[in-house]
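Reviewing the structure listed below.
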Amino acid sequence: MTFELREHTADVAVAADGSSLDGAFAAVADGLAAAMCESVPADGARFDLTASAENREALLYEYLAELIYQRDVRGVLPVDNQATIRHDGGAQEADAWQLDASARGVPLETVDAREVKAVTYSEMRIERTADGWRAYVVFDV
Amino acid sequence: MDTYDADGITLERVEEYVWEIPQEGEMNAPARVLASEALLDEISDDMTLEQLKNSTHLPGVQKYAICMPDGHQGYGFPVGGVAGIDAENGCISPGAVGFDINCGVRMMTTNLTYADVEGHEEELVESLFANIPSGLGGGGVVESGIDTVEAILERGMDWALEEGYAVEDDLAHCEDEGRRPDADPGVVSQKAKDRGKNQIGSLGSGNHFLEVQRVTDVFREDVADAYGLTEDQIVVLIHCGSRGLGHQVCTEYTREVEQAHPGLLDRLPDKELAAAPAGSQLAEEYYGAMCAAINYAWVNRQLIMHRTREVFERVFDRSWEDMEMDLLYDVAHNIAKKEIHDVEGEERELYVHRKGATRAFPAGHPEVPSAYRDVGQPVIIPGSMGAGSYVLRGGEASLETTFGSTAHGAGRTMSRTQAKNEFWGEDVQDDLEEQKVYVKAQSGATVAEEAPGVYKDVDEVVRVSDELGIGDTVARTFPVCNIKG
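Residue numbers (our numbering), protein chains in the order written: chain A, 1 to 141; chain B, 1001 to 1485.
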């Protein structure tokens, strides 16, 4: 799984690829961390988080919003992200898509990090590719 | 030139500095861009015009959606966008307000002159940086519990006054006197309050800053006199918003609106514009939560100003009252407020969405503080660290042209990624120091991202505002010290 930070006049965009949807989601999350901090130390304990939503795009939004929330209340930068996605509900069910994830939380006082305010739906894309999945997300900074 | 072609979008010149995208297809109104041709070249260089067109799809948009002279691409709704939307039959859109609710700016005047500060710049910038929380995880001036957060959400600047962080004049010189009466802390989530409780009185990062400035030019003596501005005077500018609390409110309501009103969402070209129909329960709840976040942002800036007064007291060994460190004005940027406006001869209540735009009410308007009612509401337009900032007053044409609004800054022209490739933070700091501008930031990357070269020409933005009569130039300031998160 890989990510790139993309040009955006005011904000920051992340384009990420993964061989699976799990990997593409985790790569976007790593891109979110990279948008906040260019180099991070190897310390920090892992923590778990979950998200659920009615469709794929909403699940990605909920996942990234939860990471930003956890960042503020735990006082850590979530890095080395892992995600597992399940789809086991009906098309319109609010929790049709479920995500279990974890991240290594690097204490903010140990890094020079800049704030990403929020995830946005603007220009969000999640697409199948020949090699797996690709996602594109704009973050408000 | 009577038309301007911008990558598939044609704008027609209505008058000097006014360009219109005619209504077509699913647009509910035309869109207008207020810009000189030089600014339009920059505005049309990214997705700004497409986002502006998209915003006219919101139901109930009145007259036209408008892009201010500093407009640029945002997410969903452009930054520098203004839309007056019918508050009875239209809608309210969290995305058209933005995540940083009441991101705004305040200016504090002093009786110090530049000569008083010369020689103290490094001590001042170091002390401000050490005492004003900034950056990610930097805490706040007040570390509080949920009860305090709820009191701030409910009472805004009244809370700051009761707790000794403000004086009566601070409230009198704040938009809405620093309190939105429609605030409802009960519809702000626990998660939002959790994020807010450790950030009360903090700058954050990105383009937010605190800047000590000197007044370099006064253009309208009578208005400057009413505002207490004179050449060579030292003033302080504070730019920040509602922090994680406001971001969480927008994040959650965007999702709630999306889920509750899919029919409306299907008619919108960008999911980020998700809106709640006027009169719906969610519209009322979002409005109450947004107003509460507005209150939080006013207190946030007030606590930073309070701490700034304390720093000045230590550095200059005088009380802040002796230095006459008074609030000139505090004005919001990212808001949607119920206001009464004239639409085709009829007075109507609108949700005026101003995303990256400043309220600019003219002289005589009852919502302008009594101290300024004869000259017009102060408007503060921050520029870049190398180009200075401006104080304007609400112009006579603003109500008719822009629902009482004008620009909010210089407006970016370059992405942060490109800025970091083109500028090196330490070089930017050194160049600025040669101009006697002392900058201190949490990281060099932040300085590079906010280099003067990444912004539009603020002089041109302000000139167009002045020419259009929506915001009249009063004074110009130039930085002395700047701290960034």
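Even glycine gets a Cβ: it sits at the ideal position worked out from N, Cα and C.
Look at GLN1051 of chain B here: in three-state DSSP terms it is helix. If you check the CB distance, GLU1285 of chain B and ALA1274 of chain B do not come in under 8 Å.
Secondary structure at LYS1193 of chain B: helix, using DSSP grouped into helix, strand and coil. The three-state reading of DSSP puts SER1144 of chain B in coil, since its state is none of H, G, I, E or B. Around GLU115 of chain A, the beta-carbon contacts reaching into chain B at under 8 Å are GLY1135, LEU1136, GLY1204, SER1205, GLY1206, GLY1485. With the rule of 3 Cβ pairs closer than 8 Å, the stretch 1434 to 1447 of chain B does not count as touching the stretch 1181 to 1194 of chain B. Counted as a single uninterrupted DSSP element, the alpha helix (DSSP H) harbouring TYR1227 of chain B occupies residues 1221 to 1227. In the structure shown, PRO1262 of chain B falls within a helical segment according to DSSP collapsed to helix, strand and coil. Proximity of GLY1074 of chain B to chain A, defined by a Cβ-Cβ separation below 8 Å, is satisfied. With a cutoff of 8 Å on beta-carbon distance, ALA13 of chain A and ARG134 of chain A are scored as not near each other.
Residue-level contact check: HIS1341 of chain B does not touch chain A, since none of the beta carbons of chain A fall below 8 Å from its beta carbon. Counting only Cβ-Cβ distances below 8 Å, CYS1250 of chain B has contacts in chain A at ALA118, in chain order.
Classified as buried, HIS1208 of chain B has 16 or more neighbouring CB atoms from the shown chains inside 10 Å of its CB. 8 Å or more divides the Cβ of GLN1199 of chain B from the Cβ of ARG1214 of chain B. In the DSSP assignment, GLY1444 of chain B falls within the unbroken alpha helix (DSSP H) covering 1444 to 1449. According to the DSSP assignment, THR1477 of chain B belongs to the beta strand (DSSP E) that extends over 1471 to 1484. DSSP places GLY1156 of chain B in no alpha helix (DSSP H); its state is neither H nor E.
Leaving aside the five residues that flank ILE1483 of chain B on each side, the residues in its chain whose CB is nearer than 6 Å to its CB run, in chain order, LEU1128, PHE1129, LEU1210, LYS1440. Counting only Cβ-Cβ distances below 7 Å, LYS1456 of chain B has no contacts in chain A at all, with the closest Cβ about 11 Å away. Proximity of LEU5 of chain A to chain B, defined by a Cβ-Cβ separation below 8 Å, is satisfied. Burial state of ALA1166 of chain B is buried, judged by a 10 Å Cβ sphere holding 16 or more other Cβ atoms.
Contact annotation: GLN1248 of chain B and SER1189 of chain B have beta-carbon atoms nearer than 8 Å. A Cβ-Cβ separation of about 32 Å leaves GLN1442 of chain B out of contact with SER1093 of chain B under the 8 Å criterion.
Residues of chain B whose Cβ lies closer than 7 Å to the Cβ of ALA65 of chain A are, in chain order, THR1251. Per DSSP, the beta bridge partners of SER52 of chain A are A:GLN98. For VAL1315 of chain B, the closest C-alpha among the options B:LEU1112, B:LYS1197, B:LEU1011 is that of B:LEU1112. For ARG1106 of chain B, the beta-bridge partners assigned by DSSP are B:ILE1238, B:ASP1330.
Around the Cβ of ASP1046 of chain B, a 10 Å sphere holds 16 or more other Cβ atoms; the residue is buried. At a cut-off of 8 Å between beta carbons, THR1056 of chain B makes no contact with chain A. Residue-level contact by beta carbon fails for GLY31 of chain A and chain B, as no gap is shorter than 8 Å. In the three-state reduction of the DSSP assignment, CYS37 of chain A falls in the coil class, being assigned neither a helical nor a strand state. Here PHE1099 of chain B really is in contact with THR1251 of chain B; their C-beta atoms are around 7 Å apart, less than 8 Å. Of the candidates B:ASN1334, B:ALA1410, B:GLY1469, B:SER1415, B:GLY1469 places its Cα closest to the Cα of GLU1400 of chain B.
Contact check for VAL1097 of chain B against ALA1297 of chain B fails: the beta carbons are separated by 8 Å or more.
Remark: C-beta atoms of ARG1179 of chain B and LEU1245 of chain B do not approach each other more closely than 8 Å. Interface criterion not met: the Cβ of TYR136 of chain A is under 8 Å from no Cβ in chain B.
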